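Q: Take the sequence shown: its position 38, counted from the start at 1, is 38 in full-length UniProt numbering, and no numbers get skipped.
Think of the CB as a built atom: it goes at the ideal place given N, C-alpha and C, for glycine as much as any other residue.
Here the structure is a predicted model, which means the values were calculated and not measured.
Right, I'll just put the structure down here and ask away after.
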Amino acid sequence: MQNQKKVLIVMGSESDRQTLEHMQPYLDYFGISADWHVSSAHRQPDATAKLANEAADNGYALIIAAAGMAAHLAGACAAHSLLPVIAIPLAASSLQGMDALLSSVQMPAGIPVGVTTIGKPGAINAACLSARILAVTNPEILVKLEEFRQNGSKLP
1 MQNQKKVLIV MGSESDRQTL EHMQPYLDYF GISADWHVSS AHRQPDATAK
51 LANEAADNGY ALIIAAAGMA AHLAGACAAH SLLPVIAIPL AASSLQGMDA
101 LLSSVQMPAG IPVGVTTIGK PGAINAACLS ARILAVTNPE ILVKLEEFRQ
151 NGSKLP
């Protein structure tokens with residue numbers, strides 16, 4: 001994982017992209033590259049497993065998984081990868097994301113998933129949490145995090 005600055009972003013549906021695009025300016029600011037994929041844990045379980053299983057070999061340092069409703073995507077990724085997984089619960093039903101939040105945090109022991117807040121703030125926090133994780137081995141990201149904090153946790 002030394003000096004890797006690439007993350008895999010997996011969304012359960014193309015319609016999730018509109019919310020997730022809010023993280024792009026933050027990823028850009030921190031110098032983190034990302035590849036975006038649509039893969040549903042329920043509709044394409046084999047493809048989702050393959051993405052997660054091959055993520056480390058493909059140079060990713062961590063996985064960000066966003067889904068609404070049952071929101072098993074992050075858990076599926078965590079089950080098939082040893083990389084850190086960050087879940088972004090999305091509001092996709094009348095429960096306004098509470099279903100996705102509860103699905104994301106209810107993981108069995110030994111299959112950890114870091115969970116952000118629901119929706120746009122969650123997308124932004126996922127980018128910021130990615131930067132914090134990657135800063136452990138990337139001093140240039142640490143410098144950007146310090147600048148970000150001094151700016152009130154806002155982009156310049």
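#1: Identify the continuous beta strand (DSSP E) that holds residue 112 and give its terminal residues.
#2: Within 10 angstroms of the Cβ of residue 141, are there 16 or more other Cβ atoms? Answer buried if so, exposed if not.
#3: Are the beta-carbon atoms of residue 89 and residue 104 separated by less than 7 Å?
#4: Tell me the start and end of each unbroken alpha helix (DSSP H) in the UniProt domain "PurE" (5-156) that is at least 4 residues and wholly inside, in chain order.
#5: Buried or exposed: which applies to residue 82, given that a residue is buried once 16 or more other Cβ atoms fall within 10 Å of its Cβ?
#6: Taking all protein chains shown into account, do 16 or more other C-beta atoms lie within 10 angstroms of the C-beta of residue 138, making it buried, or fewer, making it exposed?
#7: Tell me which residues share the same chain as residue 6 and place their Cβ nearer than 8 Å to its Cβ, disregarding the 5 neighbours each side in the sequence.
#8: Go ahead and label residue 95 buried or exposed: buried means 16 or more other beta carbons lie within 10 angstroms of its beta carbon, across all protein chains shown.
#9: Touching or not, the segment 70-78 and the segment 41-50, by the rule of three or more beta carbon pairs under 8 Å?
#10: Going by beta-carbon coordinates alone, are residue 66 and residue 11 separated by less than 7 Å?
#11: Could you pull out every residue in the same chain whose Cβ sits closer than 6 Å to the Cβ of residue 131, ignoring the five residues on either side in sequence?
#12: Alpha carbon to alpha carbon, what distance is there between residue 64 and residue 129?
A: Once the coordinates are examined:
#1: Position 112 of the sequence shown, counted from the first residue, corresponds to residue 112. From DSSP, residue 112 is part of no beta strand (DSSP E); its letter is neither H nor E.
#2: Along the sequence shown, read from residue 1 onward, the residue named residue 141 stands at position 141. Residue 141 is buried by the Cβ-count criterion.
#3: The residue given as residue 89 occupies position 89 in the sequence shown. The residue given as residue 104 occupies position 104 in the sequence shown. Yes.
#4: 17-20, 24-30, 45-54, 73-80, 98-105, 119-134 and 139-150
#5: For the purposes of this step, residue 82 is taken as the residue at position 82 of the sequence shown. Exposed, because fewer than 16 other Cβ atoms sit within 10 Å of the Cβ of residue 82.
#6: Residue mapping note: residue 138 aligns to position 138 of the sequence shown, counting from 1. Looking at its Cβ environment, which holds 16 or more other Cβ atoms inside 10 Å, residue 138 is buried.
#7: Within the sequence shown, the letter at position 6 stands for residue 6. So the list reads 32, 33, 34, 35, 59, 60 and 61, once near-sequence residues are dropped.
#8: Counting from 1 along the sequence shown, the entry for residue 95 is found at position 95. Label assigned to residue 95: exposed.
#9: yes
#10: For the purposes of this step, residue 66 is identified with residue 66 of the sequence shown, where counting begins at 1. For the purposes of this step, residue 11 is identified with residue 11 of the sequence shown, where counting begins at 1. Contact flag set, yes.
#11: For this step, residue 131 is matched to residue 131 along the sequence shown. Here the set comprises 30, 141 and 145.
#12: Here residue 129 corresponds to residue number 129 of the sequence shown, with the count starting at 1. Here residue 64 corresponds to residue number 64 of the sequence shown, with the count starting at 1. The alpha-carbon atoms of residue 129 and residue 64 are separated by roughly 10 Å.
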